[in-house]
Amino acid sequence: MTAKEPLTTGHAHFNLDKPTTRSHLAFTLASAVALLVMYSLLRAALLVYNSDQIGDAPASVFVESFANGVRFDLRVVVFVCIPLLLSLLSARAMAARGLHRLWLTFAASLTLFLGISELDFYREFHQRLNSLVFQYLQEDLGTVASMIWNGFPVGRYLVAWALATALLYQLFRAIDLASRPRLRASAAAKPRHHAHWFGRLALFVVCLMVAVVAARGHLRQGPPLRWGDAFTTESMFANQLGLNGTLTLVDAAKNSFSSHRDNAWKATLPEDQALASVREMLLTPHDRLVDTDTAAIRRDFTPPTEGTLPIRNVVVILMESFAGRWVGALGSEAGITPHFDRLAREGLLFDRFFSNGTHTHQGMFATMACFPNLPGFEYLMRTPEGAHQFSGLPQLLSARGFNDLYVYNGNFQWDNQSGFFSNQGMTRFIGREDFVDPVFMDPTWGVSDQDMFDRSAAELAKMPTDKPFYALLQTLSNHTPYALPKDLPVEPVTAHGVHNEHLTAMRYADWALGQFFEKVRKEPWFKDTLFVVVGDHGFGSDKQLTEMDLFRFNVPLLLIGPGVQEKFGSLNHSVGTQIDVVPTIMGRLGGETRHQCWGRDLLNLPADDPGIGVIKPSGSDQTVAIVSNDRVLVQPKDFPARLYRYQLGADASVERIPGDSDPRLKRYLEAFLQTATGSLLNNTAGVKDARQNQ
1 MTAKEPLTTG HAHFNLDKPT TRSHLAFTLA SAVALLVMYS LLRAALLVYN SDQIGDAPAS
61 VFVESFANGV RFDLRVVVFV CIPLLLSLLS ARAMAARGLH RLWLTFAASL TLFLGISELD
121 FYREFHQRLN SLVFQYLQED LGTVASMIWN GFPVGRYLVA WALATALLYQ LFRAIDLASR
181 PRLRASAAAK PRHHAHWFGR LALFVVCLMV AVVAARGHLR QGPPLRWGDA FTTESMFANQ
241 LGLNGTLTLV DAAKNSFSSH RDNAWKATLP EDQALASVRE MLLTPHDRLV DTDTAAIRRD
301 FTPPTEGTLP IRNVVVILME SFAGRWVGAL GSEAGITPHF DRLAREGLLF DRFFSNGTHT
361 HQGMFATMAC FPNLPGFEYL MRTPEGAHQF SGLPQLLSAR GFNDLYVYNG NFQWDNQSGF
421 FSNQGMTRFI GREDFVDPVF MDPTWGVSDQ DMFDRSAAEL AKMPTDKPFY ALLQTLSNHT
481 PYALPKDLPV EPVTAHGVHN EHLTAMRYAD WALGQFFEKV RKEPWFKDTL FVVVGDHGFG
541 SDKQLTEMDL FRFNVPLLLI GPGVQEKFGS LNHSVGTQID VVPTIMGRLG GETRHQCWGR
601 DLLNLPADDP GIGVIKPSGS DQTVAIVSND RVLVQPKDFP ARLYRYQLGA DASVERIPGD
661 SDPRLKRYLE AFLQTATGSL LNNTAGVKDA RQNQ
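Letter 230 of the sequence shown, counting from 1, is numbered 230 in our numbering, and no numbers are missing.
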């Protein structure tokens with residue numbers, strides 16, 4: 001439209017004059033309101049799309065979350081409107097409405113795209129957009145693209161986004177036209193002039209002050225609006241709704257593209273106090289410290305002989321997304337894991353066990369290298385520090401002359417698995433490219449779980465008999481877009497809404513696990529083998545236990561082997577995490593072991609010790625938690641800790657404890673993170689001498 005294009009309204013004829021200072025302010029304000037409305041509509045869409053998370057939360061908490069959300073949305077709006085505000089300083093810039101419309105359309109379209117993407121991102125991770133986005137971009141992009149395309153309705157989303165972008169352009173065009181001055185065509189109108197430059201400058205200063213206050217989110221002194229300011233209700237879903245995904249992604253980008261060491265846990269305790277606390281936390285009467293001047297917790301571990309088992313081999317089975325929330329043996333009545341439940345009746349099940357992170361990557365190095373998931377090192381296997389030598393199962397059992405085997409459905413380049421584990425001492429890898437005529441080959445990940453387990457059974461049967469062996473078997477079918485054969489051997493799950501597909505994959509993985517045990521039970525090596533079945537992490541449920549979402553961490557740990565139930569019973573309530581797996585295995589093998597695992601033998605804890613674990617979700621911020629027998633202390637970055645009483649199982653619940661104070665847990669948490677981080681950075685987290693005395 002030209003500067004003075006005629007506009008007909010009823011019987012009157014008008015010309016649209018060039019924008020004035022007043023009309024430019026009207027255009028800016030109306031555009032800002034339009035953006036705020038769009039962000040509120042995106043928040044409403046997120047609420048509806050993930051409505052299973054509402055639970056019994058009252059409507060008032062969601063009203064509060066939307067009110068909180070406006071404060072966060074205003075910050076995005078201010079950033080988008082900066083070019084319009086700067087244009088107040090120039091009459092020519094104010095007249096460039098075409099460029100303003102294009103910029104507003106671009107910015108709105110981009111943030112709309114992020115909002116649409118967040119619908120499924122939140123359903124999968126129960127978090128707003130964060131550094132996981134950038135972590136996936138560092139993986140094989142073909143695999144990532146296939147996972148997204150085959151796992152989500154990408155085509156429909158793209159069409160909706162394109163149509164919405166076209167509507168947004170028309171909306172900003174309409175705002176432009178509506179905000180321009182109108183002159184009667186018949187009138188000899190005088191040219192309208194902008195305010196004098198010093199008037200515009202004064203107006204700009206006022207607008208800038210308003211924008212700064214809006215971006216800060218409050219008028220009080222102190223830091224500007226932070227993510228924790230959205231956590232004002234007892235509903236974790238409502239609190240997350242109050243955030244803005246664009247802001248959380250920008251914050252994640254700052255962390256992701258800085259050095260990972262910049263995001264490491266900063267020391268909070270005197271060094272000697274931290275060291276003493278972590279030794280108090282981890283050492284047992286069966287440990288004797290060595291190399292105390294150079295290593296934090298390097299020790300010689302000698303388990304009592306009465307706690308050992310007559311085993312020769314070890315098989316660790318890492319089950320993808322095997323959430324404790326849906327395991328029948330842990331209280332679920334959904335009927336998802338009948339085969340695991342039967343296996344649990346012949347083994348020892350831990351019912352307060354947690355993953356150290358919420359990504360398979362973290363489950364792998366925590367379980368096999370017994371090193372924790374630390375802030376700044378969530379993707380340890382892909383960082384330079386991942387090349388360090390730890391004291392996990394590969395080092396400890398290789399020193400005892402064990403053969404090894406690692407079988408996996410997918411490609412070992414993903415998460416740098418082959419590089420990391422070969423550096424730790426594993427030598428034999430069987431992955432996606434090594435399967436011939438599989439039952440099912442997923443276009444994204446690899447073969448199905450039944451293929452992986454069938455190949456594992458065949459390879460284990462061929463292991464040389466002159467040496468003991470250890471093996472890591474890792475499943476994958478229970479991961480979007482779900483590597484499931486067309487003709488499923490199990491009934492699809494239909495009664496759990498948005499979780500149906502995920503639970504069907506979990507039921508299939510459970511079936512494949514059961515078939516594996518039926519096969520290997522007939523092998524001569526079975527009676528001499530300790531099987532360790534553990535989930536790599538959980539997945540979302542219809543409710544969240546604290547902002548850490550304990551359902552994403554709670555996984556089963558099951559030990560099956562000769563004499564397990566006779567010596568230890570069928571159920572253990574000790575709290576543990578994946579870094580306790582290796583010491584627990586070594587305690588069953590017996591003999592003296594020098595190691596520096598950051599966990600403990602869960603079957604040799606002191607009588608008055610209920611166990612303890614440090615956990616952290618995927619993502620680059622430093623929110624961490626420490627779990628005890630019935631309490632969890634959550635430490636968000638830059639905010640006071642929050643203390644909860646939790647309960648797992650069929651009647652899972654959580655209750656905020658007034659005062660948020662447990663000095664012992666807080667000291668242990670800070671000491672553990674500080675000492676483990678220092679050991680990793682100084683490359684003193686492993687063992688100099690993996691000597692084994694059997």
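We put the CB at the ideal spot given by N, CA and C, even for glycine. None of the values given here were measured: they were computed from a predicted structure.
Exercise for the section: Take residue 315 as the anchor and find which of 24, 56 and 461 has the nearest alpha-carbon. Expected result: The residue labelled residue 315 in the question sits at position 315 within the sequence shown. Taking the Cα of residue 315 as reference, the smallest distance to any Cα among 24, 56 and 461 is reached at 461.
Practice task
Taking only the alpha-carbon atoms, compute the straight-line gap between residue 321 and residue 313 and give it to the nearest angstrom.
Solution key: As a first step, residue 321 is located in the sequence shown; it is residue number 321 there, counting from the start. As a first step, residue 313 is located in the sequence shown; it is residue number 313 there, counting from the start. Approximately 26 Å, taken between the alpha carbons.
Practice task
Using only alpha-carbon positions, find the residue among 685, 20, 550 and 566 that is nearest to residue 236.
Solution key: Numbered from its first residue, the sequence shown carries residue 236 at position 236. Residue 236 has its Cα closest to that of 550, out of 685, 20, 550 and 566.
Problem - Status (buried if at least 16 other CB within 10 Å, exposed otherwise) for residue 361 - result: Stepping through the sequence shown from its first residue, residue 361 is reached at position 361. Result: buried.
Problem - residue 25 in three-state terms, based on DSSP - result: Start at 1 with the first residue of the sequence shown, and residue 25 comes out as number 25. If DSSP states are grouped into helix, strand and coil, residue 25 belongs with the helices.
Problem - residue 138, buried or exposed, once every other Cβ within 10 Å from all chains shown has been counted against 16 - result: The sequence position of residue 138 within the sequence shown is 138, counting from 1. So residue 138 counts as exposed.
Problem - Residues near residue 610 in its chain [Cβ-Cβ closer than 7 Å; skip 5 each side] - result: Numbered from its first residue, the sequence shown carries residue 610 at position 610. So the list reads 574, 575, 628 and 629, once near-sequence residues are dropped.
Handout entry: Neighbour-count burial assignment, residue 608, 16 or more Cβ in a 10 Å radius
Key = Taking the first residue of the sequence shown as 1, we reach residue 608 at position 608. For residue 608, the number of other beta carbons within 10 angstroms of its own is below 16, and it is reported as exposed.
Practice task
Check each candidate in 75, 342 and 337 and name the one with the smallest Cα separation from residue 224.
Solution key: Within the sequence shown, residue 224 is the residue found at index 224, counting from 1. Closest option to residue 224, Cα to Cα, is 75.
Problem - Stretch-stretch touch, CB-based, cutoff 8 Å, three pairs: the region 151–170 with the region 283–294 - result: no
Handout entry: Inter-residue Cα distance where the pair is residue 252 and residue 590
Key = Walking along the sequence shown from the start, residue 252 turns up at place 252. Walking along the sequence shown from the start, residue 590 turns up at place 590. Using only the alpha carbons, I get a separation of about 45 Å.
Exercise for the section: Could you round the C-beta distance between residue 367 and residue 564 to whole angstroms and report it? I think they count as a contact, below 8 Å. Expected result: In the sequence shown, counting from the first residue as 1, residue 367 sits at position 367. In the sequence shown, counting from the first residue as 1, residue 564 sits at position 564. About 19 Å; that fails the 8 Å criterion.
Exercise for the section: Grab the span of the alpha helix (DSSP H) containing residue 539 for me, first residue to last. Expected result: Taking the sequence shown and counting its residues from 1, one reaches residue 539 at position 539. No alpha helix (DSSP H) holds residue 539; DSSP gives it neither H nor E.
Handout entry: Option nearest residue 72 by Cα separation, candidates 54, 92 and 37
Key = Here residue 72 corresponds to residue number 72 of the sequence shown, with the count starting at 1. Looking at the Cα atoms, 37 is the closest of the given residues.
Practice task
Decide if the region 331–347 is in contact with the region 579–589; the criterion is three or more beta carbon pairs, one per stretch, under 8 Å apart.
Solution key: no
Practice task
Determine the contact status of residue 275 and residue 296, defining contact as a CB-CB distance below 8 Å.
Solution key: Within the sequence shown, the letter at position 275 stands for residue 275. Within the sequence shown, the letter at position 296 stands for residue 296. A contact, by the Cβ cut-off of 8 Å.
Exercise for the section: Confirm, please, whether the CB-CB distance from residue 449 to residue 409 is below 8 Å. Expected result: Within the sequence shown, numbered from 1, the residue matching residue 409 stands at position 409. Within the sequence shown, numbered from 1, the residue matching residue 449 stands at position 449. Result yes, Cβ atoms of residue 409 and residue 449 sit closer than 8 Å.
Exercise for the section: Quick one: grab the DSSP three-state call for residue 202. Expected result: Within the sequence shown, the letter at position 202 stands for residue 202. Helix.
Practice task
Identify every residue that forms a DSSP beta bridge with residue 170.
Solution key: Taking the sequence shown and counting its residues from 1, the one referred to as residue 170 is at position 170. Bridge partners of residue 170: none, in fact.
Practice task
Answer yes or no: do residue 353 and residue 633 have a C-beta to C-beta separation smaller than 8 Å?
Solution key: Along the sequence shown, one-based indexing puts residue 353 at 353. Along the sequence shown, one-based indexing puts residue 633 at 633. Result no, Cβ atoms of residue 353 and residue 633 do not sit closer than 8 Å.
Practice task
Measure the CB-CB distance between residue 540 and residue 118 and report whether it falls below 8 Å.
Solution key: For the purposes of this step, residue 540 is identified with residue 540 of the sequence shown, where counting begins at 1. For the purposes of this step, residue 118 is identified with residue 118 of the sequence shown, where counting begins at 1. Against a cut-off of 8 Å, the Cβ pair of residue 118 and residue 540 comes out as no contact.
Exercise for the section: Can you grab the Cα-Cα spacing for the pair residue 188 / residue 109, in whole Å? Expected result: Looking up residue 188 in the sequence shown gives position 188. Looking up residue 109 in the sequence shown gives position 109. Here residue 188 scores only 47 on pLDDT, less than 50, and its place in the model is too uncertain to base an answer on.
Exercise for the section: Please name the residue or residues paired with residue 590 in a DSSP beta bridge. Expected result: In the sequence shown, counting from the first residue as 1, residue 590 sits at position 590. By DSSP's assignment, residue 590 forms no beta bridge with any residue.
Problem - residue 268 versus residue 674: straight-line alpha-carbon distance, rounded - result: Working through the sequence shown from its first residue, we reach residue 268 at position 268. Working through the sequence shown from its first residue, we reach residue 674 at position 674. Using only the alpha carbons, I get a separation of about 7 Å.
Practice task
Evaluate contact between the region 611–623 and the region 317–332, counting only Cβ atoms and requiring at least three cross-stretch pairs below 8 Å.
Solution key: Fewer than three Cβ pairs drawn from the region 611–623 and the region 317–332 lie within less than 8 Å of each other, which leaves the two stretches out of contact.
Handout entry: Under the three-state DSSP convention, the category residue 657 falls into
Key = The sequence position of residue 657 within the sequence shown is 657, counting from 1. Residue 657 falls in the coil class under three-state DSSP.
Practice task
Specify, as a first and last residue, the run of the beta strand (DSSP E) that residue 287 falls within.
Solution key: To locate residue 287, count along the sequence shown from 1; it is residue 287. 287–289 is the span of the beta strand (DSSP E), which, as asked, contains residue 287.
Practice task
Compare the beta carbon distance of residue 457 and residue 531 with 8 Å and say whether it is the shorter of the two.
Solution key: Within the sequence shown, residue 457 is the residue found at index 457, counting from 1. Within the sequence shown, residue 531 is the residue found at index 531, counting from 1. No, the Cβ-Cβ distance between residue 457 and residue 531 is not below 8 Å.
Practice task
Would you decide whether residue 299 is buried or exposed? Buried here means 16 or more other CB atoms lie within 10 Å of its CB.
Solution key: The residue you call residue 299 lines up with position 299 of the sequence shown. Buried, since its Cβ has 16 or more Cβ neighbours within 10 Å.
Practice task
Label residue 452 either buried or exposed according to how many other C-beta atoms from any shown protein chain fall within 10 Å of its C-beta, with 16 as the threshold for buried.
Solution key: Here residue 452 corresponds to residue number 452 of the sequence shown, with the count starting at 1. Classification for residue 452: buried.
Problem - Distance between residue 668 and residue 33 (C-alpha atoms, nearest Å) - result: For the purposes of this step, residue 33 is identified with residue 33 of the sequence shown, where counting begins at 1. For the purposes of this step, residue 668 is identified with residue 668 of the sequence shown, where counting begins at 1. Answer to the nearest angstrom: the Cα atoms are 48 Å apart.
Problem - Inter-stretch contact at 8 Å, needing at least 3 Cβ pairs: the region 424–440 / the region 385–400 - result: yes
Handout entry: Extent of the continuous beta strand (DSSP E) to which residue 722 belongs
Key = Residue coverage of the chain in this structure runs from 1 to 694, which leaves residue 722 outside it and unanswerable.
Exercise for the section: Consult DSSP for residue 353 and reduce its assignment to one of helix, strand or coil. Expected result: Here residue 353 refers to the residue found at position 353 when the sequence shown is read from its first residue. Strand, per DSSP.
Practice task
Drop a sphere of 10 angstroms on the beta-carbon of residue 19, count the other beta-carbons inside from all chains shown, and report buried for 16 or more, exposed for fewer.
Solution key: As a working mapping, residue 19 is identified with position 19 in the sequence shown. With a threshold of 16 other beta carbon atoms within 10 Å, residue 19 meets it and is buried.
Problem - Rounded straight-line distance, which links the Cα of residue 91 to that of residue 383 - result: Counting from 1 along the sequence shown, the entry for residue 383 is found at position 383. Counting from 1 along the sequence shown, the entry for residue 91 is found at position 91. If you take the alpha carbons of residue 383 and residue 91, they lie about 52 Å apart.
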